[in-house]
Each structure stands twice: as C-alpha cells, then as structure tokens.
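Chemist: My questions all concern the structure below.
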Amino acid sequence: MNTLSSSAAPTAGEYAGDEVSAIVLDPGYATTRAGFAGEDVPKSVCPTFYGYLDNQQPLFGENAVHNPLANLQIKNVWGSDGVVEDWDTASKLWEYAITSRLTGRKPGDPTKNGLNDGNKAEGENGQDMDVEMEDVENQEKPLEESPLLMTEPGWNPTKAREKTIEIAMEEYGVPAFYLQKTGVLAAFASGKASGIVIDVGASHTSVTPVLDGMVLKKGVQKSPLAGNFISSQIRLLFKNTTPEIPLTPHYLVKSKTPVDAGAPPQAVYREFPSGSAPHDSFRVFQEDRVLTEFKESVVEVWPGPQRFHQGPSEEIAKSQPGRPFEMPDGWNQVFTVDRYKAAEGLFDASAAQVDANNPRPKDEHTIPRLVQAAVQQVDADQRPMLLSNIVVTGASTLLYKFTERLQNEINQLYPSTRNKLVAPGSVVERKYAAWIGGSILASLGSFHQLWISKKEYEEHGSNIVEKRCR
Amino acid sequence: MPAFKDEQIIIIAPGSETTVAQLGLPESFTPPRVRVRSRMFPAEKEGEWEPYKVRRRQEGQNGEPEGESKKAGDDDDAAYEEDRVSEEGAVWPIQAGRIVNWPCFFALITHVYNSLNPPFHTPILLITQPAWTPREHERLTQFFFEKFKTPAFALMDSALANTWAYGVHTATVVDVGKDKVDVTAISEFIPHSQGRVIALPDCGGEAMTQALLSKLKSKGFNRDMCEQLKKSPICEILPAGTPLPGTEGANTQSGVSNPASAASTGALGSGPAGAATIGNIPRGPGEDTEVGEDTIPEENEGVLDVASIVAGGKMNEYLAKKEKEKQEKANAKKKGGEAPAVAAKPVRLPNSRREKATFVYEDHALLDTLKNMNLGSKGMAEARAALDEGPQRKTQEEMTDADRDATADNNGSRSSSIRREIEVGTERFLAANDGVLERIADAIHRTISAVDEVNRRGELWNALIVCGNGCRVRGFREALISTIQSKYIISPSSATIFTSEIPSNITTPTGTGTNTPQPQFGPHGGSSQVNPLLLAATTAQNPHLLPPGSNSMMPGMSHNTHSSHGQTPTSVKLVKPPEYFPEYKEVGFDESAFLGAQVAAKVIFIVDQAQSKGYMTRPDYNDQGPSGIHDYSL
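Chains as they are written, first to last, in full-length UniProt numbering: chain A, 1 to 470; chain B, 1 to 634.
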C-alpha cells in the first residue's frame, strides 16, 4: 500500500479500477473543505477558525468556535498575507476536517476492527509482533489509506509548499500526494482548461490566468479586498451612521423585544461574570456571523454601468426600495443607499469607507485593476480567448448583482473583445469551485500519473513538490 | 433474488443510551419491540462481551434462584449468575453518537441480532447516527455482511428517518440524545451536510441530569436520583421567563404564562392582562381540577398559532399528566375525609405552580449493594422488609411532608427495585437552566443559516422536528420554541414606517409574524419566506417603482432568489406529528426515527425492490466490497 508508483496504474484489486478513494482537501481562510474525490460536494466543511484556551489543545469545529467559554480566543491558521502561518495548528485542523466527518478517528485498520480477531490467535507470535509494531506507527497516521489532493493559493511560496507535503507524508502518512492551485481547479470545475479565474474569498481576492491547465505564474494577482474587507466596510458604515448602529452578536442577547425602526434596542443581555467572558476575538468572530447575514440580506453591489459616485447612480439608488435588517438585539432599520456602499470599495477604491485604522485601499487592489494587471501578463493573441472564459468563484461573489457589475467593469476595460463571465448559478458550485475541480481531477483514472508517491517522496525529499506540482 | 416479506425485515437503531430493534414490520407500525441498553460487560475472557453483568456467587449459598436474577449457563456453572438490572462496570460503546469501542459495539449488535432470533433471509436496515463517517459506514457494511450473512443491507441517516416518519420532505431535525444534540437541515429529502451540527456537546439528556445534580447535590441527591427525577413527570422545563412558583412573579402573573406571547414579544410584561385572563378562567374548585389543569396549556395552543408546538410531545405529556392526575385524584379522595384542609389546596395546582412535589425513586445502587453483600434470597427479603415501611404510608406522605427517608414501595411493576419517595423543590424546573436551550437554539440558527438556498430557510424554520429521548422532559419542546422566539424571531420590523403607510384596517402587528392578520396580502402560508407586512412596509415608500401587477409583492426578487429578504426566522413552528400511527400516538413521537425507518424499510425492501438501489444485496457486496455501500441509499 505504501509503495505506489506513479508509472503503473493501480491494480483493480487494490483500488477497484479507477475508483481511487482519494481525499480532496481545500483549505481556505474562512472554511476548510474536505471530501472524497468523485463526489459533487465536500462532505466536510469546517471553520478554519479555531478556539484557543491558554495552555490547552486548540478546539476545532463548529461546535467549539461558537461556544462562549471563558477566555476563549478565536484564531485562524492563515496569516494576513494569504499563506499559512501556524503550521502546527493547521496540520491538526486539516486532520480534524478529514477525520471528523470522512474517515473517523481511527481508520479502518483490519487488525483492529474486530473482524479478524479469530485469525489473529492462529498467527505465529513473531508475525503478530510485527503487526503490532506497525499498529503503533499507523495509529499516529490518520490517512495512510487515501491519496490526498490538496489545493494551494497561486502565490504559495516554495517553503510553504514543501511544508505541506511534509505534513501530508510524515504526519498523515498518505500513500500519494498532489498539490494543485485553486485557480486551475476552479477552472476545471467550470469545464475550462483556460481562462481567467476571479476568486473573491474571505481574506483575499485573486485573479489567476490559466492556460491549458497551467497557471501563468507571473500573471497571478492578489489583493486583500475580499469578504473580510466588506465586513470591515460594514462596520465602518455602522460606526459612521448617527446615531451609531449597535452591533451585538447573538450570544450576548438573552431575549429581544421588537422596537420601532431606528429606535434603541430593548433587549435582555446576557451577563458574563468577570473572568468568565470569552476573549474579544470571540466577539469579533460572532459579530461576523451577523455581518454575514447582513451581506446575504441587505448588501447589494451597485450594478453599474457607471460607478456609484458617477452621474445619477446615487439618485437612482435612493429611489430603490430599501431592505430591512434586524440585529440580534432587536434594533432594526431599512437600509437604502447605504447598502450599496459596503461593496463599492471592491471596484472603486475612492468610494471605500475610511478611518484612522482603515486607510483607503490601494487603487491597484480593486478588482478591475487586478484583472487588467493579470491580462497584461498574457500574450496579446491569447487575451481574447481568456476574456471569453472568465470564471467567477468564491463565496463573496454571491453578493447581489456582483456579476453584473463585474461584467460592466470588464466591458469598460476591454470594449473590443467578447467578454464572457462563467458564474455557476448554484451556490455550492460558486462557493466550493476549487474543491469540486479537485474532486474531478482526483477521480480521473489518470490521477496516479500526477501524484507523488510516498516512495518518490522518500527518494527525493520535499523538494519534489516544486518539480512535480506546477 | 426473491422478494422480501414484511415479517423478515430487521431494523436496528443504535443509540448512546438505548438501542432499539425489531424483526418484522407489523400491519400498523409499532414502537420498537426490542429495547436494549447500549452497553456490554467485559467477559472474563478478554475480547468477549456479555450482555448482562455476571456476578460471582459465593459458594455455600442455597441454590434458590432469586427473583431478579437468572442463572447463567448450566447448572455446573452455578457459581455465576446474571444480574439483569445492575450496570456496574458496563462499557458503553457509543458515546455522544460516536462509536468509541468497536469490538464492544459489534458485540452489542450481535446481542441485539440474536435476541431478535431471526430466520434466514432477513434484510437489515440500520439507522446511522450523523456522527458516523462514510468510512465507518463501510466498516459497518462489512460487519453486517460478513457476520450475519445478510442478503440485503441498507443504511439510513437518523435525521432523514425522522422526516420519513413525519411525512415531510423539508424539515429541520433536532435530535436530542443523551450527551449530544444533532441538528440537520433537510430539504427535499436531502440532508445538508454543510453546516450540519453534529454532536453538539453538553446539551442532551445527560446535561439536564447534571444540571439537576449541580443544583440538588447540596441536598444529598446523587446522579441516579436526578436521572429519575428528570424522567418523572414533575420535572418540567418552563418557557423562558416564567417565574418559578413561590417567587414574587408567580403570584402576580399566571404561572404557566402564555409561552407564545411571552416569547414573541420577548418579555412577559407585554400582555399581562391577556395572559392572566387566559390562565385564570377555568380553574374550578373540587373535582374540576382536571379541567383547571389541562386547559391552561391547551388554550394557549388554540389562541395563538402554537398548536403544532406542543403537538410533538403532547401525547406523551398528556399521558404523564393524566397519570399524575389520577394519582392525585385518588389521593384527594382518600384524604378527603381525613385532612381536606391540607390536601385540597396543593392538589389542585398544576405542577408548574407548586413549590414542591415528590417522585418515586428506584434505588438501584442500594440494590446493588445489597446484592454485593451476597445475601441469600432470604436475607435480601429481610433487608428489603427493613427498608419497607408499608405501602399505605405512601399516600399519606405524598402531598404533605414526604421527607427523603427511605420508603420502600413494593407494589411497582418491577418487584426487584427498592422504591422510595423523594420531595424536590423548585429545582426541578431548572434542568435546562444551564444554557442547554440557548445552545440548541443557537445550533438551529447556525444550521439553518448555513443552508445555501436563502429562500428555503423560512421553510426550514417552520418545519422543526424535535425528537430523541432527551426531549422527553416535560415542556422541553415548548421551552425550546419559546427560547428561539425570544432570541431569533425577526419581527415585522420598522413599525413606525408602515403603520403610517398601511391602511388602517390592519391592526398594529404584534411581535410574531404568525398570528398577525393579513387580510390584503394573500395567504401567508407556512412556506412563505417573506413576511408580507414587511414587504408592504418596504415597498410602500416607493409605490411608483412597483409594477402594478400581481407581482407587487416581490419587488426585485424574482430574478435573484439569493437577495430576497434573507433574514429568518419570521416564524417558528413544529411539524405536526402524523395522525395515522395509533401505537406511536400513545407513547409519543420521541423515537420517530424508528417509525421513519419502518416506513422506509417498507418502501426500500418491499415496494421498491432495489429498483432505485435503496439497499445493497449480497452479490453487490461481493462485487464492490464495503465501499460500494455509498451507491446504495435513498
């Protein structure tokens, strides 16, 4: 099992034909997606945020991060630059994502599942010893049965990639491993081998030109203007409104009373005796939950064609019906013009809400400029082809009218080409495009030609990832 | 392969506390016939398991068989005996829904299978816990095919089974177990795997027992007492904000205050007049107690649209109540002559307004100790007699001053247990006070918020199924709904805006969206995602923007469902339990998963006959191996 070679297809008995039960892991900033290759949706979607209590093991999973324990901190394994920062926790978190809902804590070990207990007694003592020795090793390696396909952002540095394969091989004990960029996989999920992938996630927006299944590395653009940026914009909007809009997360509210629009909330709040309240980061994390709801139900991207601050846009917006929103503490209001302002910064840096802690975003970080910069790096004769395959993915692109605005912006940049957005209508496909692409790739019969087997890794070391996973 | 017959089908539903099973589908579906505590005892030989505790009996005892224990094995092995009641040293292979000890779990399943005593050619349907992973499903498949040589095998998710029982395709299933709660959103028969809350800790029945324990420890209660207190009808969870009897509020306000209005408006004070009248009218004196007691909760259902809230647990509770009343009536009659002054007053009050109440405690621990002392049956009887103070004392003590002194009561169904009566104060209402309900409500909110199709969320909120034996505690469902209502309901907000805009024939909305009259705006319906009043409010400001047609209710929403008014819930409802299962009606729908499994078994094994690959056959297994099981499910 541990000596898979990349040159020979697995025998039928070993893997039931092309039915390779590979696991696909797509770690993102907000959630980590994991599932079996060949399925159409990741079975395990767990928050990348984790709970931390002093001097204790990190707490993973939905249930842990939403439980207001005393002094609970909420942390994330990703750094602000879009590269994994806390590798120790990341490897545990990924393992949790896989074992909690896919494989179980202990993998199906034939010597332990109780089915072969009868046979065991018959075996010679010496052999038994060996088996048991192996057991001890196997127990620490949760994934020794499944090849693993992992995704990485387009800008992942060599060091991080090597670290990733080390974790997979050494800690998880995977028999085979492959690393692919999210951009390529998202394109695959839409059935494209070439195109421009615009991925607006939680922490970063990236624009990746993909040509024949290969990322054009110098064309990869990233910017921090993504979902979290919109959240901070909403916070600023709330703050700059007079009177300031209170943002109280659910866990602090015991019960609420309906109040008039704009009236101060009348809620019974939950009191935490001093010392038993969770850390501030917990509150921020829970506030984000409310903001997510706000994004879903209120925020709208100004569709264009002109920018929000140009021409009559704002006047038109004023005449649009507003959308109501109720806070967990009962405060409520109908949002009219303001709801267009939260996401405008993605396209127009000058329209972003600013204050001392949130400086004006850079112009080159807006989505149109990213696209422009990415296209610039591509040969001129390839550009029309790429522009007719613009794949839109990432949960933040689900903002209402986002794609319309994007289409308008791109048409303004490239009026002479046929620009076509590929934006899957299904929410799942939009959110988990990279994972789905990975699922397709890893379920192909030819996946074994791509992967790095354990043997190869042992021969060449972690550096092999640079040569094989481009 | 020949078709299967009803009487051949085996259904097994393992749980953390109880594993239930049944051989054969009866004409009318019944609650599971075989109930086994989900635990095994390690046998003397390592790796083997016994279903009952085996106790070594000392030599020189008289071989007289005792009432509660049977001889294990043959006569020459008489030094051992099985103890069917004791749980000392038991291993529980399923914890918080997860299988933690596989050999023990397999032994348990084998024990269940053998006790069903099935003939050959029995297909098996296994109810799976949400916490079980696909790999574990494979392992189970392998076990069932290879151990039992079953001709056909199917797995069914317990949450899905619940929707089958209720006959709905879209629902939010809240399964309250022993140590955990699972919350699953199911739309169109497909469970959402993202955002599904699996094994939420500290929320199940055990958490409530522990909550009681922490409050009663100082009064000398142990865990077992609290467990039985929780199961007794006097333990009750009151809706959020209800004052405890004996406190200030209880006297001024209706004790069983109107849960719905309290919840929907978020405060008790909102409608004191209404609540008070509802609560106070029908309490007649004397023999009319039954009316007085029952109408209070019942009326609430009728008045506000909460009928479904209680529906799920109604039967169960009703029965419990009935029984209690019977007892009380009997007491009242008996005491009528002797001490009317003492008895009359407390008897008439419903449980939720009484400061103190008693329950019967079966003392297993005491029994265990007695048994471990290896008394003969004579000694046992003597010991018991010593603890027994006569059954007639019971009635006298029940309502008056029953202290916790050991009062044995031998007229129970199980003569083996030693019973006594214990009195508890208002602590019995505090089982869920440690935030159990809040945690569950939050989990439901999270689960539904994680459903991608925003327009489905309203529907999911309006189709809650609260099941599992953990929610048998009286008042649990109502209290959970009331917690959700007080915390999460989105009221038809912006009151100022639309009371001025809306024609005056619409009354000012009261907190909930459910009972607000909507004469003009078409049927609100359980499935409506958007509160019409709210829409009216938002569109009324800009009437010129709306097309004059019938679609004026849905401005800008037809083309993108994602951006419809996304905030939910605007109302919360429980799914009404089905009417046509009389056997289940009697015991309540807490184990509805098993009912759903029966329906499903009928469909997949008998009606459908593998046409839509509802189960895996033995030849399929031989071809594909355990991993093939994922291709076979409904």
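The beta-carbon is built from N, C-alpha and C at its ideal position, and this holds for glycine as well.
The model shown is predicted, which means the values in this text are computed figures rather than measured ones.
1. Less than 8 Å between CB atoms is the rule here; does A:Ser-255 satisfy it with respect to chain B?
2. At what residues does the beta strand (DSSP E) containing A:Val-392 begin and finish?
3. So, at 8 Å on beta carbons, what are the nonlocal neighbours of A:Val-136 in its own chain, with the 5 sequence-adjacent residues on each side left out?
4. In the DSSP assignment, find the unbroken beta strand (DSSP E) run with A:Glu-326 in it and report its ends.
5. What three-state label does DSSP hand A:Trp-78 in the structure shown?
6. By the 10 Å Cβ neighbour count, where 16 or more other Cβ atoms means buried, how is A:Tyr-269 classified, buried or exposed?
7. Compare the Cα-Cα distances from B:Gly-195 to each of A:Leu-421, A:Val-65, A:Lys-218, A:Val-465 and report the closest residue.
8. Can you list the residues of chain B that A:Val-200 reaches, using a CB-CB cut of under 9 Å?
9. For my contact list, B:Ala-21 and B:Leu-116 are in at a C-beta cut-off of 8 Å; report their separation, rounded to the angstrom.
10. The segment 63-85 of chain A: which residues have C-beta closer than 8 Å to a C-beta of chain B, in chain order?
11. What does B:Thr-133 touch in chain A if you count any residue whose Cβ is under 8 Å from its own?
12. For a cutoff of 8 Å on Cβ pairs, would you count A:Phe-335 as touching chain B?
13. The beta strand (DSSP E) with A:Asn-332 in it runs from where to where?
14. Can you tell me where the beta strand (DSSP E) with B:Ser-482 in it begins and where it stops?
15. Give the DSSP-derived three-state secondary structure of A:Tyr-50 in the structure shown.
16. For B:Asp-452, decide whether its Cβ has a neighbour in chain A, counting only Cβ atoms nearer than 8 Å.
17. Kindly give me the distance between the Cβ atoms of A:Ala-434 and A:Thr-182, rounded to whole angstroms, as I take these residues to be in contact under 8 Å.
18. For a contact defined as C-beta to C-beta under 8 Å, what are the partners of A:Pro-142 on chain B?
19. Counting only beta-carbon atoms, is B:Ser-486 nearer than 8 Å to chain A?
20. What residues match up with A:Ala-342 in a beta bridge as DSSP calls it?
21. Given B:Glu-427, which residues of its chain have a CB within under 6 Å of its CB, disregarding the five upstream and five downstream residues?
22. Going by DSSP in three states, B:Gly-470 sits in which element: helix, strand or coil?
23. Look at the alpha carbon of B:Val-451 and the alpha carbon of B:Ser-193, and state the distance between them as a whole number of angstroms.
24. In angstroms, rounded to a whole number, what distance separates the CA positions of A:Pro-265 and A:Pro-258?
25. With 8 Å as the threshold, decide whether the Cβ of A:Lys-43 is near any Cβ in chain B.
26. Going straight from the alpha carbon of A:Lys-431 to that of A:Ser-190, what length do you get?
27. Distance, Cα to Cα, B:Gly-177 vs A:Tyr-400?
28. Closest by CA to residue 471 of chain A, which one among A:Val-207, A:Thr-32, A:Val-197, A:Ala-187?
29. So what does DSSP say about B:Phe-105, is it helix, strand or coil?
30. Give a yes or no on whether the C-beta atoms belonging to A:Asn-358 and A:Ser-232 are separated by under 8 Å.
31. What beta strand (DSSP E) runs, 3 residues minimum, are completely inside the segment 145-181 of chain B?
32. Determine which residues of the UniProt region "Disordered" (305-327) of chain A have a Cβ less than 9 Å from any Cβ of chain B, and write them out in chain order.
33. Let me confirm a value: B:Pro-582 is counted as buried when at least 16 other C-beta atoms fall within 10 Å, else exposed. Which label applies?
34. With respect to the beta strand (DSSP E) encompassing A:Met-150, which residues constitute its N-terminal and C-terminal limits?
35. Buried or exposed for B:Met-156, going by 16 or more other Cβ atoms inside 10 Å?
36. List, in order along the chain, the chain A residues whose C-beta lies closer than 7 Å to that of residue 657 of chain B?
Modeler: Let me spell this out:
1. Here the question's residue 255 of chain A lines up with position 255 in the first sequence. Cβ-Cβ to chain B under 8 Å: yes for A:Ser-255.
2. Stepping through the first sequence from its first residue, residue 392 of chain A is reached at position 392. 390-393 is the span of the beta strand (DSSP E), which, as asked, contains A:Val-392.
3. Numbered from its first residue, the first sequence carries residue 136 of chain A at position 136. Its pLDDT being 46, under 50, A:Val-136 is placed unreliably by the model, and the measurement read from it follows with that caveat. Answer for A:Val-136: no residue qualifies.
4. Position 326 of the first sequence, counted from the first residue, corresponds to residue 326 of chain A. Segment 323-326, the beta strand (DSSP E) holding A:Glu-326.
5. Translated into the one-based positions of the first sequence, residue 78 of chain A becomes position 78. In the structure shown, A:Trp-78 sits in a strand (DSSP, three-state: E or B).
6. On the first sequence, position 269 is the one that residue 269 of chain A refers to. Classification of A:Tyr-269: exposed, given that the 10 Å Cβ count is below 16.
7. Within the second sequence, residue 195 of chain B is the residue found at index 195, counting from 1. Nearest C-alpha to B:Gly-195: A:Val-65.
8. As a working mapping, residue 200 of chain A is identified with position 200 in the first sequence. None at all; the shortest Cβ gap to chain B is about 15 Å.
9. Here residue 21 of chain B refers to the residue found at position 21 when the second sequence is read from its first residue. Here residue 116 of chain B refers to the residue found at position 116 when the second sequence is read from its first residue. So it is a contact: roughly 6 Å between Cβ atoms.
10. Asn-63, His-66, Asn-67
11. Locating residue 133 of chain B in the second sequence gives position 133, counting from the first residue. Residues of chain A passing the Cβ test: Thr-99, Ser-100, Arg-101, Leu-102, Thr-103, Gly-104.
12. The residue given as residue 335 of chain A occupies position 335 in the first sequence. With 8 Å as the cut-off, A:Phe-335 does not count as an interface residue toward chain B.
13. Sequence index remark: in the first sequence, residue 332 of chain A carries index 332 (1-based). Counting along the chain, the beta strand (DSSP E) containing A:Asn-332 begins and ends at 332-335.
14. Locating residue 482 of chain B in the second sequence gives position 482, where the first residue counts as 1. From DSSP, B:Ser-482 is part of no beta strand (DSSP E) but of the alpha helix (DSSP H) over 476-487.
15. Within the first sequence, residue 50 of chain A is the residue found at index 50, counting from 1. If DSSP states are grouped into helix, strand and coil, A:Tyr-50 belongs with the strands.
16. One-based indexing of the second sequence puts residue 452 of chain B at position 452. B:Asp-452 counts as touching chain A.
17. As a first step, residue 434 of chain A must be located in the first sequence, where it is residue number 434. As a first step, residue 182 of chain A must be located in the first sequence, where it is residue number 182. Going by Cβ atoms, the distance from A:Ala-434 to A:Thr-182 rounds to 4 Å, so yes, they are a contact pair.
18. Looking up residue 142 of chain A in the first sequence gives position 142. Under the 8 Å cutoff, chain B gives no residues; its nearest Cβ is about 11 Å from A:Pro-142.
19. Translated into positions along the second sequence, residue 486 of chain B becomes position 486. Answer yes: the Cβ-Cβ gap between B:Ser-486 and chain A drops below 8 Å somewhere.
20. The residue given as residue 342 of chain A occupies position 342 in the first sequence. Bridge partners of A:Ala-342: none, in fact.
21. Taking the second sequence and counting its residues from 1, one reaches residue 427 of chain B at position 427. Correct list, in chain order: Lys-215, Leu-216.
22. Numbered from its first residue, the second sequence carries residue 470 of chain B at position 470. Of the three classes helix, strand and coil, the one that applies to B:Gly-470 here is helix, per DSSP.
23. Translated into the one-based positions of the second sequence, residue 451 of chain B becomes position 451. Translated into the one-based positions of the second sequence, residue 193 of chain B becomes position 193. Spanning the two alpha carbons is a distance of roughly 9 Å.
24. Position 265 of the first sequence, counting from 1, holds the residue named residue 265 of chain A. Position 258 of the first sequence, counting from 1, holds the residue named residue 258 of chain A. Their backbone Cα atoms lie some 8 Å apart in a straight line.
25. Translated into positions along the first sequence, residue 43 of chain A becomes position 43. Chain B contact via Cβ: present.
26. In the first sequence, the residue the question calls residue 431 of chain A occupies position 431. In the first sequence, the residue the question calls residue 190 of chain A occupies position 190. Going by the C-alpha atoms only, they are around 12 Å apart.
27. Mapped onto the second sequence, residue 177 of chain B falls at position 177. Mapped onto the first sequence, residue 400 of chain A falls at position 400. B:Gly-177 and A:Tyr-400: Cα-Cα distance of roughly 40 Å.
28. The requested residue 471 of chain A does not occur in the structure, where chain A is confined to residues 1 to 470.
29. Within the second sequence, residue 105 of chain B is the residue found at index 105, counting from 1. B:Phe-105: helix per DSSP, three-state reduction.
30. As a working mapping, residue 358 of chain A is identified with position 358 in the first sequence. As a working mapping, residue 232 of chain A is identified with position 232 in the first sequence. Going by C-beta atoms, A:Asn-358 is nearer than 8 Å to A:Ser-232.
31. 152-157, 171-176
32. Ser-319, Gln-320, Pro-321, Gly-322, Arg-323, Pro-324, Phe-325, Glu-326
33. As a working note, residue 582 of chain B is residue 582 in the second sequence. Exposed, because fewer than 16 other Cβ atoms sit within 10 Å of the Cβ of B:Pro-582.
34. Here residue 150 of chain A refers to the residue found at position 150 when the first sequence is read from its first residue. First-last of the beta strand (DSSP E) with A:Met-150: 148-152.
35. As a first step, residue 156 of chain B is located in the second sequence; it is residue number 156 there, counting from the start. The residue in question, B:Met-156, is buried, as its Cβ has 16 or more Cβ neighbours within 10 Å.
36. Within the shown structure, residues of chain B are numbered from 1 to 634, placing residue 657 of chain B beyond reach of any answer.
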